[in-house]
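Step one of this worksheet: look at the structure below.
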Amino acid sequence: MAKRNTVGPASVGDFGSGPWAAARDLIDAPAGSVNIAHEAVDRHVLSGHGGDRAMLWLGKDGTRRDLSYADLADAAARFAAVLAAHGLTTGDSVFSLTGRVPELYAAALGTLKAGMVFTPLFSAFGPEPIRTRMEIGAANALVTTVPLYKRKIAPWRDQIPSLKLILIVGDEAPEGCVALGPAMAAASPDFETVRTGPEDPALVHFTSGTTGKPKGVVHVHNAVLYHAFSGCEALDLTPGTVYWCTADPGWVTGTSYGIVAPLVNRVMMIVDEAEFDLERWYATVERERVEVWYSAPTAIRMMMRSGAEIADRYDFSSLRFLASVGEPLNPEAVVWSEKVFGRPFHDNWWQTETGGIMIANRPGSTVKPGSMGQAMPGIEAAIVERTDGHLRTLGDGEVGELALRPGWPSMMRAYLHEQARYDKCFLDGWYLSGDLAMRDGDGYFWFVGRADDLIKTSGHLVGPFEVESALIEHDAVAEAGVIGIPDEAAGEIVKAYVTLNPGFTADEALERDIRGHARKRLGPAVAPRAVVFRNTLPKTRSGKIMRRLLKARELGLPEGDISTLESDET
Amino acid sequence: MTQDDIRTAFIEELTKIAPDIAAEDIGETDHIQDDLGLDSMDVLNLVTALHQRLGVDIPEPDYPRIATLSDAVPYLAAKGAGS
Numbered sequence: 003m004a005k006r007n008t009v010g011p012a013s014v015g016d017f018g019s020g021p022w023a024a025a026r027d028l029i030d031a032p033a034g035s036v037n038i039a040h041e042a043v044d045r046h047v048l049s050g051h052g053g054d055r056a057m058l059w060l061g062k063d064g065t066r067r068d069l070s071y072a073d074l075a076d077a078a079a080r081f082a083a084v085l086a087a088h089g090l091t092t093g094d095s096v097f098s099l100t101g102r103v104p105e106l107y108a109a110a111l112g113t114l115k116a117g118m119v120f121t122p123l124f125s126a127f128g129p130e131p132i133r134t135r136m137e138i139g140a141a142n143a144l145v146t147t148v149p150l151y152k153r154k155i156a157p158w159r160d161q162i163p164s165l166k167l168i169l170i171v172g173d174e175a176p177e178g179c180v181a182l183g184p185a186m187a188a189a190s191p192d193f194e195t196v197r198t199g200p201e202d203p204a205l206v207h208f209t210s211g212t213t214g215k216p217k218g219v220v221h222v223h224n225a226v227l228y229h230a231f232s233g234c235e236a237l238d239l240t241p242g243t244v245y246w247c248t249a250d251p252g253w254v255t256g257t258s259y260g261i262v263a264p265l266v267n268r269v270m271m272i273v274d275e276a277e278f279d280l281e282r283w284y285a286t287v288e289r290e291r292v293e294v295w296y297s298a299p300t301a302i303r304m305m306m307r308s309g310a311e312i313a314d315r316y317d318f319s320s321l322r323f324l325a326s327v328g329e330p331l332n333p334e335a336v337v338w339s340e341k342v343f344g345r346p347f348h349d350n351w352w353q354t355e356t357g358g359i360m361i362a363n364r365p366g367s368t369v370k371p372g373s374m375g376q377a378m379p380g381i382e383a384a385i386v387e388r389t390d391g392h393l394r395t396l397g398d399g400e401v402g403e404l405a406l407r408p409g410w411p412s413m414m415r416a417y418l419h420e421q422a423r424y425d426k427c428f429l430d431g432w433y434l435s436g437d438l439a440m441r442d443g444d445g446y447f448w449f450v451g452r453a454d455d456l457i458k459t460s461g462h463l464v465g466p467f468e469v470e471s472a473l474i475e476h477d478a479v480a481e482a483g484v485i486g487i488p489d490e491a492a493g494e495i496v497k498a499y500v501t502l503n504p505g506f507t508a509d510e511a512l513e514r515d516i517r518g519h520a521r522k523r524l525g526p527a528v529a530p531r532a533v534v535f536r537n538t539l540p541k542t543r544s545g546k547i548m549r550r551l552l553k554a555r556e557l558g559l560p561e562g563d564i565s566t567l568e569s570d571e572t
Numbered sequence: 004m005t006q007d008d009i010r011t012a013f014i015e016e017l018t019k020i021a022p023d024i025a026a027e028d029i030g031e032t033d034h035i036q037d038d039l040g041l042d043s044m045d046v047l048n049l050v051t052a053l054h055q056r057l058g059v060d061i062p063e064p065d066y067p068r069i070a071t072l073s074d075a076v077p078y079l080a081a082k083g084a085g086s
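Chains as they are written, first to last, in my numbering: chain A, 3 to 572; chain B, 4 to 86.
Structure below.
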C-alpha cells in the first residue's frame with residue numbers, strides 16, 4: 003500500500019522529546035503500538051468509562067439513538083470480525099459511501115481496529131469521482147447503502163478488480179453484496195485489536211489536484227496523538243463535553259474532528275444524519291445542550307441570512323466554544339455570532355494534508371475577526387516566496403505562500419502512488435500549502451487566496467481538471483475551462499466555460515443538458531452551477547487553457563502576465 | 004395562478020437548477036434533497052428562482068415546506084404565488 007517517504011517527518015514515532023512529548027500522555031499506546039481505534043474507544047472501556055455516552059445519533063426522521071463507548075467498541079469489534087471473516091487482512095483498503103449513520107462510525111473504527119486502511123467518501127459524489135477514488139485507492143471493501151449502490155456503484159463494480167466485498171447497511175443486500183446488519187449480529191464482539199505501529203497507514207483521504215487525478219493523502223495511526231492534542235488545544239474538548247461537529251466524515255474534518263479527536267478526548271458527540279436545516283440545528287443545540295460546536299462558513303452564512311430574530315427564539319446558553327473551518331470566515335460572521343450566540347465563531351485553518359488544525363483562533367486567545375488565528379503550539383508556520391528553486395521567508399505584512407515545518411504526527415506521509423507529486427510539496431525543509439496568506443505583527447495569519455487553480459466551494463476543494471474531464475465527455479463539448487467565482491453563500495461556485503463541437507448550437511437547452519450530464523457524473527457538490535459558451539478559450543502556447551485569465555476577466559481584475567497567451571478567448 | 008400552474012413552475016425551476024432530474028421522474032412525495040439529490044446550494048437557488056418567478060418570499064425556517072412537490076404546491080399557493 004502506501005509508499006513511505008523520508009522527505010516528511012522522520013521520527014514522529016519517537017515520542018521521547020520535542021513538542022509532542024507531553025502529548026504522548028494523552029494516549030495509551032500499549033507496548034509501543036498505536037491503533038486509533040484503541041485510543042478512541044477501547045482504552046476508555048478498559049479504564050471504566052464504557053458506560054459514558056459516546057454518541058447521540060439523530061436520524062432524519064426524528065429517531066434518537068444513544069451509543070456508549072462500550073456500544074461503539076462492540077460495534078467496531080464486530081465490524082472488524084466481519085472484514086476478517088471475508089478474508090480481508092491487515093493493510094487492506096476499506097471504503098465507505100454512506101450518509102451519517104451509526105454504521106459509518108462502526109466501519110471507521112472497525113477498519114482501524116483490524117489494522118486496515120479506511121477511506122470515507124462523500125455520499126453526494128457522483129459515480130465518476132467515486133470510481134476514480136476507489137481505483138486509485140485499490141479498494142478491497144466498500145460499505146454503502148442499497149440506493150447508493152444501485153445508483154452509483156452497481157454499473158461498474160466488476161471493473162474494480164481489487165474489490166472483494168461490498169457491505170450494505172441494513173438487513174438486506176442486492177445480489178453479490180453482504181447485508182451488514184445480520185453479519186454484524188452474527189460476528190464475535192471479541193476481536194483483538196491489531197497492534198499497528200505508529201507509522202502504519204490508517205486513513206486515506208482524497209483531495210483534488212489542479213491537474214491530474216485526485217490525490218490519496220495517507221495518514222498513519224500516530225496521527226491520533228495530534229488529534230488528541232489539537233482536540234483539547236484548539237476545540238476545548240474535555241471528557242464529557244457535548245460536542246457537535248457538523249462536517250461529514252466524507253471530508254477530512256468529519257473524520258479528524260468528527261470521529262477521532264472527539265472520541266480520543268472522550269466527549270459525547272452529536273451526529274445528525276440530516277443536512278443543514280436552520281431550525282433543526284438551533285433546536286438541536288438548545289435541546290442537547292451543545293457545548294462545543296464546530297461548523298463551516300457556508301452554514302454560518304446561511305444562519306446569518308435568516309437573521310437574528312429566529313435565533314432569538316432559542317436558548318444557546320450551553321455553548322462554550324464555537325469554531326469554524328473550511329474557508330475563511332468573514333469578519334461580519336464572527337461579529338454576528340458573538341451577538342446571536344453570545345460567543346464568536348473561532349476560525350481555524352488546516353488541510354487534508356496536515357491531518358489536523360495548524361492555525362487557530364484558540365480558546366482563551368483574542369479572536370481577530372477575519373483572521374485564521376495563530377500557529378498552534380508546536381507548529382512552525384511562515385510566509386514564504388519561491389525564488390530560483392529556493393524559499394525566502396517573508397516578513398510580517400507581506401503576502402506569500404503559507405508554509406509549515408513538517409514533523410507533527412498527523413502530517414501526511416504520502417500521496418498514494420504519486421511520489422513526485424508528494425515531493426513537490428516540500429522545499430528547503432518546509433511543506434508548501436498552496437494557500438496564499440499574510441501574517442500580521444501579532445502572529446495572526448490572514449488568508450489571501452489559492453496559489454493554484456483549485457476551487458473552494460462550500461468549504462471543499464474542487465479540482466478544475468476533474469470537472470473539465472467530465473464536461474468534455476459530453477458529445478457537444480470540445481474544450482472546457484473551469485474556475486471558481488465568488489458567491490455569497492458558498493464562498494465560491496464552480497463555473498465552466500466550454501467550446502462546442504461542430505454541429506451543436508449554443509442554447510439554453512444545451513446548457514442544461516451539459517449541466518445535467520456533469521451533475522450525473524460528478525454530483526451537485528462538484529458539478530458546475532453555471533456553464534457558458536465560448537467560440538475559443540484563452541490558451542498558452544503549449545495548449546493549456548488559461549483558467550487564471552478566465553477568472554481575472556470574470557472578476558474584472560488585472561490580467562497579469564499574458565506573455566504565454568497564444569490564442570485568446572472569443 | 005392555479006395549483007397546476009404553481010406545480011408546473013416548481014417543476015420547471017427545479018429541473019433548471021438540477022437538469023440531471025427529468026420532470027417525469029419527480030414523485031409527489033420525493034424529498035428534493037434525500038430523494039432527488041439536491042444539495043443545500045441547490046435549495047438556496049431554488050428559493051431564489053421561486054421568489055423571482057412567483058413573487059413568493061420563502062423564509063429560511065420554511066425551507067422544509069418546499070421539500071416535496073406535495074408540500075410545496077399548497078404552501079406556495081397559500082403564500083399567494085403568482086398573484
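Backbone N, C-alpha and C define an ideal beta-carbon position, used for all residues, glycine too.
Alpha carbon to alpha carbon, how far is residue i from residue j?
i: residue 78 of chain A; j: residue 204 of chain A; result: 15 angstroms
i: residue 471 of chain A; j: residue 217 of chain A; result: 16 angstroms
i: residue 443 of chain A; j: residue 309 of chain A; result: 35 angstroms
i: residue 373 of chain A; j: residue 281 of chain A; result: 28 angstroms
i: residue 432 of chain A; j: residue 72 of chain B; result: 54 angstroms
i: residue 128 of chain A; j: residue 398 of chain A; result: 43 angstroms
i: residue 154 of chain A; j: residue 130 of chain A; result: 8 angstroms
i: residue 49 of chain B; j: residue 423 of chain A; result: 40 angstroms
i: residue 489 of chain A; j: residue 534 of chain A; result: 17 angstroms
i: residue 275 of chain A; j: residue 86 of chain A; result: 28 angstroms
i: residue 197 of chain A; j: residue 514 of chain A; result: 53 angstroms
i: residue 288 of chain A; j: residue 393 of chain A; result: 49 angstroms
i: residue 136 of chain A; j: residue 60 of chain B; result: 43 angstroms
i: residue 15 of chain A; j: residue 307 of chain A; result: With a pLDDT of only 48 at residue 15 of chain A, under 50, the local geometry of the prediction cannot be trusted, and no value is derived from it.
i: residue 5 of chain A; j: residue 413 of chain A; result: Below a pLDDT of 50, predicted positions are generally treated as unreliable, and residue 5 of chain A, at 36, falls in that range; no measurement from the model is reported.
i: residue 272 of chain A; j: residue 47 of chain B; result: 25 angstroms
Since residue i and residue j should fall inside the 8 angstroms C-beta cutoff, what is the C-beta to C-beta distance between them, to a whole number of angstroms?
i: residue 549 of chain A; j: residue 495 of chain A; result: No, residue 549 of chain A and residue 495 of chain A are not in contact; Cβ-Cβ is about 15 angstroms, not under 8 angstroms.
i: residue 84 of chain A; j: residue 185 of chain A; result: 5 angstroms
i: residue 89 of chain A; j: residue 232 of chain A; result: The Cβ separation is near 37 angstroms, so there is no contact.
i: residue 100 of chain A; j: residue 148 of chain A; result: No, residue 100 of chain A and residue 148 of chain A are not in contact; Cβ-Cβ is about 11 angstroms, not under 8 angstroms.
i: residue 446 of chain A; j: residue 376 of chain A; result: 6 angstroms
i: residue 104 of chain A; j: residue 67 of chain A; result: 6 angstroms
Let me check understanding here. Comparing Cα to Cα, which of the options lies closest to residue i?
i: residue 235 of chain A; options: A:360, A:179, A:333; result: A:360
i: residue 466 of chain A; options: A:486, A:460, A:60; result: A:486
i: residue 349 of chain A; options: A:343, A:341, A:323; result: A:323
i: residue 346 of chain A; options: A:337, A:352, A:354; result: A:337
i: residue 221 of chain A; options: A:428, A:417, A:559; result: A:417
i: residue 76 of chain B; options: B:21, B:23, B:32; result: B:32
i: residue 65 of chain B; options: A:516, A:278, A:82, A:529; result: A:278
i: residue 266 of chain A; options: A:401, A:419, A:51; result: A:51
i: residue 2 of chain A; options: A:404, A:333, A:43, A:516; result: Absent from the structure is residue 2 of chain A, since the part of chain A shown begins at 3 and ends at 572.
Please decide whether residue i counts as near chain A, where near means a Cβ-Cβ distance under 7 angstroms.
i: residue 63 of chain B; result: yes
i: residue 72 of chain B; result: no
i: residue 36 of chain B; result: yes
i: residue 47 of chain B; result: yes
i: residue 4 of chain B; result: no
i: residue 22 of chain B; result: yes
i: residue 33 of chain B; result: no
Does chain B have any CB closer than 7 angstroms to the CB of residue i?
i: residue 154 of chain A; result: no
i: residue 527 of chain A; result: yes
i: residue 518 of chain A; result: yes
i: residue 457 of chain A; result: no
i: residue 521 of chain A; result: yes
i: residue 86 of chain A; result: no
i: residue 109 of chain A; result: no
i: residue 10 of chain A; result: In this prediction, residue 10 of chain A scores a pLDDT of 37, lower than 50, which makes its location untrustworthy; no coordinate-derived value is stated.
Return yes when the C-beta of residue i is under 6 angstroms from any heavy atom of the ligand HEM, and no when it is not.
i: residue 171 of chain A; result: The ligand HEM is absent from the structure shown, which contains no ligands of any kind.
**Prompt:** Enumerated in chain order, which unbroken segments of the beta strand (DSSP E) with a length of 3 residues or greater are wholly contained in the region 327–371 of chain A?
**Reply:** 347–351
**Prompt:** Which residue spans inside the region 434–506 of chain A form an unbroken beta strand (DSSP E) run of at least 3?
**Reply:** 447–452, 457–459, 462–464, 479–489, 493–502
**Message:** Please give me, in chain order, every unbroken run of the beta strand (DSSP E) with length at least 3 that falls completely inside the region 53–84 of chain B.
**Reply:** none
**Request:** Go through the region 270–328 of chain A residue by residue and report every complete run of the beta strand (DSSP E) that reaches 3 residues or more, in order.
**Result:** 270–274, 294–297, 323–326
**Request:** Give, in chain order, every unbroken run of the alpha helix (DSSP H) that is at least 4 residues long and sits entirely within the region 4–44 of chain B.
**Result:** 6–20
**Whole runs of the alpha helix (DSSP H) within the region 129–216 of chain A, excluding any shorter than 4 residues** = The region 129–216 of chain A contains these whole alpha helix (DSSP H) runs: 129–138, 182–188.
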